[in-house]
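Let me begin by presenting the structure, written as structure tokens, before commenting on it.
In the UniProt record's numbering, the protein residues as written are 1 to 116.
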């Protein structure tokens, strides 16, 4: 992420203008996508079926707490997966992170960006 921010600064220094809010929003979204891909990769390493909502909800928990569980994410992912209940899964399915996981896996399409 720091590499991207420094590139943005380099571009600003040569006179390219950006919409600050849009750049910040895009950087946050890019960082979230990276976290999701990393945790999905850990789920695959654990042999979890990423097509199951139980796995996706577990991934969303780890992504939501990404910086708090640095270094032991694989272990935490497995633990969260084992402890999932139907109510927790149903609740997590309503979150933006869960929806972003669906977009990342290609199981959903964001049609809003086509109608702006």
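For every residue, glycine included, the Cβ atom is placed at its ideal position computed from N, Cα and C.
Enclosing alpha helix (DSSP H) for residue 109 [first to last residue]: No alpha helix (DSSP H) holds residue 109; DSSP gives it neither H nor E.
Any non-hydrogen atom of the ligand SAM within 8 angstroms of residue 57 CB: The model on display carries no ligand, and the ligand SAM is accordingly not part of it.
Contact the region 30 to 49 vs the region 93 to 106: 3+ CB pairs below 8 angstroms: yes
Same chain, Cβ closer than 8 angstroms to residue 12, five either side skipped, listed in chain order: 18
Inside the region 17 to 82 only - beta strand (DSSP E) runs reaching at least 3 residues: none
Three or more C-beta pairs below 8 angstroms linking the region 72 to 92 and the region 44 to 51: yes
As assigned by DSSP and simplified to three states, the class of residue 85: coil
Beta-carbon proximity list for residue 93, same chain, < 7 angstroms, skipping 5 on both sides: 53 and 57
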